[in-house]
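Peer 1:
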Amino acid sequence: MDPAELAARASYGRLLSILAVRTRDVAGAEDALAEAFLAAVAQWPVEGVPRSPEAWLLTAARRKLVDAARRRRTRDEKRALLEVDFDEADGNVFGDERLRLLFVCAHPAIEAAVRTPLMLQTVLGLDAARIASALRVAPKTMGQRLWRAKTKIRDAGISFDVAVEDLPGRSFAVLEAIYAAYGSGWEDVAGQAAASRGLTEEAIWLARLTVRLLPDEPEARGLLALMLYAEARATARRGETGEYVPLTEQDPSRWDPRRIAEAEAILQETARMGRVGPLQIEAAIQSAHIDARRTGARDDRALSLLYEALVRMAPTLGVRIAHAVALSNTEGAAHAIERLDAIESSASEDYQPYWSARAHLLERLGRLGDARDAYERAIGLAEDDGVRRWLLAKKRALGT
Amino acid sequence: MRYALLVYETEAGIAGRGDPEYQAAYRAYIKAIYESGTAYAGSGLRDAATTATTLRLVGGQRHIQDGPFADTKEQLAGFFLIDVPDLDKALEWAARCPSTARGGIVEVRPALEQNEPCQPAEPET
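Printed below as a string of structure tokens:
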């Protein structure tokens, strides 16, 4: 995203959250803001850009909301009008309500699968088609899910106030949703086409915002560091012909030292807060891997311990697989295969990284026939062509 | 739910079918989609431009024409019939299809259920 686009998104999210928090109606606030933007497009070229464009937009949107409430003439009319009657727009200083909006998007009453798209749309103003494409969901389905979620926020009366005791659990849901947005882009290794590229930059931007809004939450910083480490290595994951390059074969000179330095600084500063969590550990694992490639000396025991801790805190499928692979360097590949065997087949059956890891471990054990079968399955499940070609080459190297 | 994954390929895609790497990728994809219990039928199709024959009845008379029904840039190159819990899962399998890496397109179409009236459903609101 270019700086102008980011600035526009910043204002959009800030304005929408002010309107939505006052009216408790995200969909209504979106409509009003959209109309305000339309009015701006018509008037600013003629009358000149107002001194404070954001204040102008907020005032215009507020008028639209009042009009809409009058038109509805419902029993809620008076309440709606009262709640719309706020005066931030008259001054030049807005409070930042985006944190509340983030927390509403991550409310337990909102279906987990729609939290990420809801944040991307309300806080960043991304359109449903773009979100659907990046998260690999049908655009129509995405539109319906978003609409249902917004209707629920309004009709179920989901509170825009978050109690202090709810903060830790809810902030985790916020961070999880941001990480999911990043993951959509990270897996999209190819990602050249602008229309289908992932949401990595947007996710990093949201994480920066969350760190600013939740300065005492170490996991928010952990997530930011984690994504910066990953982003630093993003381009090095591809060779000259677009082939996939695994971390252990990446050329560290192609990493972005600026992002790595920022991530290291964040991680160190976060460690001093003395409250460790899964995202900080994931960031620490990234740091250890990067350090190993840079110095040529990998601390397998430390990595195993970090993964061990991570499995205890967040035993997701991906983490359990990574833990097994890390264990193979300290306790041997046979032990690691046992760990993989313990993963229930309903989860691993169509999960490409599981089969890639399995193939790699079987190959190390010299069980070449089994390794070939596992590579075959991984190839069949690969979505990225670079990954597919890399796996095909691995299988070919095993002979027939 | 049952879906059809209809794989469309460009002329270049059809011409590239002989590439051993492409064939190996397809073999693995077919194996995975069947072994996971996802697909229950399917087939690749020969080049439409050189092998398709089209039939229609005009006033009770068979009109048989050499060539595909529609002359388009992309042609139907193969299909899978799959059974998955929802559209998202169907899209996941569509994305894994090796044709997509070579400019191919996968159309995902929900199948009519048995005895389902063959008319469009009420639009969802």
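From first to last, the protein sequence lines are chains A and B. Each residue of the first sequence is one higher than the last, beginning at 175 in this note's numbering. Each residue of the second sequence is one higher than the last, beginning at 1159 in this note's numbering. Think of the CB as a built atom: it goes at the ideal place given N, C-alpha and C, for glycine as much as any other residue. Nothing here was measured: the structure is a model prediction, and the numbers come from that model.
For R1175 of chain B and L535 of chain A, I'd like the C-alpha separation in whole angstroms.
Peer 2: Within the second sequence, residue 1175 of chain B is the residue found at index 17, counting from 1. Within the first sequence, residue 535 of chain A is the residue found at index 361, counting from 1. Those two C-alpha atoms are separated by around 32 Å.
Peer 1: If contact means a Cβ-Cβ distance below 7 Å, which residues of the stretch 537-560 of chain A contact chain B?
Peer 2: Listed in sequence order: E550, R551, I553, G554, L555, A556, E557, D559.
Peer 1: Compare the C-alpha of E376 of chain A against each of A:I305, A:G416, A:E417, A:L421 and name the closest.
Peer 2: As a working mapping, residue 376 of chain A is identified with position 202 in the first sequence. Selected option, being the one with the closest Cα: A:I305.
Peer 1: Taking just the CA atoms, how far does S519 of chain A sit from D390 of chain A?
Peer 2: In the first sequence, counting from the first residue as 1, residue 390 of chain A sits at position 216. In the first sequence, counting from the first residue as 1, residue 519 of chain A sits at position 345. Rounded to the nearest angstrom, the two C-alpha atoms are 40 Å apart.
Peer 1: At least one CB of chain A closer than 8 Å to the CB of L1245 of chain B: is that the case?
Peer 2: Working through the second sequence from its first residue, we reach residue 1245 of chain B at position 87. Yes, its Cβ sits closer than 8 Å to a Cβ of chain A.
Peer 1: Using a Cβ cut-off of 8 Å, pull out every chain A residue sitting near L1249 of chain B, in sequence order please.
Peer 2: Here residue 1249 of chain B corresponds to residue number 91 of the second sequence, with the count starting at 1. Simply R310, V311, A312.
Peer 1: Going along chain B, which residues have a C-beta under 7 Å from E523 of chain A?
Peer 2: Within the first sequence, the letter at position 349 stands for residue 523 of chain A. Result: S1194.
Peer 1: Quick check on Q454 of chain A: buried or exposed, where buried means 16 or more other Cβ atoms within 10 Å of its Cβ?
Peer 2: As a working note, residue 454 of chain A is residue 280 in the first sequence. Buried, by the Cβ-count rule.
Peer 1: Whole-angstrom Cβ separation of R532 of chain A and L555 of chain A, contact assumed at under 8 Å?
Peer 2: Mapped onto the first sequence, residue 532 of chain A falls at position 358. Mapped onto the first sequence, residue 555 of chain A falls at position 381. With a Cβ gap of about 12 Å, R532 of chain A and L555 of chain A do not count as contacting.
Peer 1: Could you list which residues in chain A have their beta carbon closer than 8 Å to that of R1254 of chain B, in chain order?
Peer 2: What you label residue 1254 of chain B is simply residue 96 of the second sequence in a count that begins at 1. What R1254 of chain B touches in chain A: G554, L555, A556, E557.
Peer 1: Which chain A residues are close to I1191 of chain B, counting only those with a beta carbon under 8 Å from its beta carbon?
Peer 2: Residue 1191 of chain B sits at position 33 when you count from the first residue of the second sequence. G554, listed in chain order.
Peer 1: By the three-class DSSP mapping on this structure, what secondary structure does S333 of chain A have?
Peer 2: To locate residue 333 of chain A, count along the first sequence from 1; it is residue 159. Residue state, collapsed to three classes: coil.
Peer 1: Three or more C-beta pairs closer than 8 Å, one from the stretch 226-237 of chain A and one from the stretch 204-216 of chain A: is that the case here?
Peer 2: Counting Cβ pairs under 8 Å, three or more are found: they touch.
Peer 1: To the nearest angstrom, how far is the alpha carbon of A263 of chain A from that of A182 of chain A?
Peer 2: The residue labelled residue 263 of chain A in the question sits at position 89 within the first sequence. The residue labelled residue 182 of chain A in the question sits at position 8 within the first sequence. Summary for A263 of chain A: the model assigns pLDDT 45, below 50, so the residue's position carries little reliability; its value from the coordinates is reported in the next sentence. Cα to Cα, A263 of chain A sits roughly 18 Å from A182 of chain A.
Peer 1: State the beta-bridge partners of A234 of chain A as determined by DSSP.
Peer 2: Position 60 of the first sequence, counting from 1, holds the residue named residue 234 of chain A. According to DSSP, which records beta bridges pairwise, A234 of chain A is partnered with nothing at all.
Peer 1: Kindly give me the distance between the Cβ atoms of D1224 of chain B and T1211 of chain B, rounded to whole angstroms, as I take these residues to be in contact under 8 Å.
Peer 2: Mapped onto the second sequence, residue 1224 of chain B falls at position 66. Mapped onto the second sequence, residue 1211 of chain B falls at position 53. Yes, they are in contact, since the Cβ atoms of D1224 of chain B and T1211 of chain B sit about 6 Å apart, within 8 Å.
Peer 1: If the cut is a Cβ gap below 8 Å, which residues of chain A does E1179 of chain B touch?
Peer 2: In the second sequence, counting from the first residue as 1, residue 1179 of chain B sits at position 21. The answer, in chain order, is R563, L566.
Peer 1: So which residues of chain A does Y1187 of chain B contact, with C-beta pairs closer than 7 Å?
Peer 2: By 1-based counting over the second sequence, the position of residue 1187 of chain B is 29. The contacting residues are G554.
Peer 1: Of the residues A:R433, A:V419, A:V385, A:Q424, which one's Cα is nearest the Cα of E581 of chain A?
Peer 2: Missing from the structure shown is residue 581 of chain A; chain A here goes from 175 to 574 and no further.
Peer 1: Please list the segments of the alpha helix (DSSP H) lying wholly inside the stretch 262-348 of chain A, counting only runs of 4 or more residues, in order along the chain.
Peer 2: Correct list: 272-279, 286-296, 302-308, 313-329.
Peer 1: Output needed for L566 of chain A: all residues of its chain with C-beta closer than 7 Å, excluding positions within five of it in sequence on either side, in chain order.
Peer 2: Against the first sequence, residue 566 of chain A aligns to sequence position 392. Answer for L566 of chain A: I553, listed in chain order.
Peer 1: Taking the beta carbon of A399 of chain A as the centre, do at least 16 other beta carbons fall within 10 Å, making it buried, or is it exposed?
Peer 2: Position 225 of the first sequence, counting from 1, holds the residue named residue 399 of chain A. Burial call: buried.
Peer 1: Tell me whether Y1263 of chain B sits in a helix, a strand or coil according to DSSP, three-state version.
Peer 2: By 1-based counting over the second sequence, the position of residue 1263 of chain B is 105. Reading the sequence as shown, one finds Ile at residue 1263 of chain B and not Tyr. I1263 of chain B falls in the strand class under three-state DSSP.
Peer 1: Hey, I327 of chain A and V288 of chain A are a contact pair by Cβ (cut 8 Å); roughly how many whole angstroms apart?
Peer 2: As a working mapping, residue 327 of chain A is identified with position 153 in the first sequence. As a working mapping, residue 288 of chain A is identified with position 114 in the first sequence. The Cβ separation is near 11 Å, so there is no contact.
Peer 1: Please return the same chain residues whose Cβ sits closer than 6 Å to the Cβ of A368 of chain A, not counting the five positions on each side in sequence.
Peer 2: Position 194 of the first sequence, counted from the start, is the residue given in the question as residue 368 of chain A. A caution first: A368 of chain A carries a pLDDT of 43, below 50, which makes its placement in the model unreliable, though a value can still be read off. Nothing listed; no residue qualifies.
Peer 1: Against chain B, does T315 of chain A count as a neighbour if the rule is that its beta carbon must be under 8 Å from one of theirs?
Peer 2: Residue numbering aside, residue 315 of chain A sits at position 141 when the first sequence is read from its first letter. With 8 Å as the cut-off, T315 of chain A counts as an interface residue toward chain B.
Peer 1: By Cβ distance, which residues of its chain are closer than 7 Å to P1268 of chain B, with the 5 residues on each side in sequence left out?
Peer 2: As a position in the second sequence, residue 1268 of chain B is number 110, starting the count at 1. Excluding residues within five positions, the ones whose Cβ falls inside 7 Å are M1159, Y1161.
Peer 1: Closest by CA to A1199 of chain B, which one among B:A1207, B:A1170, B:L1163?
Peer 2: What you label residue 1199 of chain B is simply residue 41 of the second sequence in a count that begins at 1. Taking only the C-alpha atoms, the option nearest A1199 of chain B is B:L1163.
Peer 1: Could you list the residues in the stretch 1196-1213 of chain B with a C-beta less than 9 Å from some C-beta on chain A, going in chain order?
Peer 2: Result list: T1196.
Peer 1: Which word fits G265 of chain A, buried or exposed, when buried means at least 16 other C-beta atoms lie within 10 angstroms of its C-beta?
Peer 2: Sequence index remark: in the first sequence, residue 265 of chain A carries index 91 (1-based). Reliability of the predicted coordinates at G265 of chain A is poor, the pLDDT of 43 falling under 50, and no value is obtained from them.
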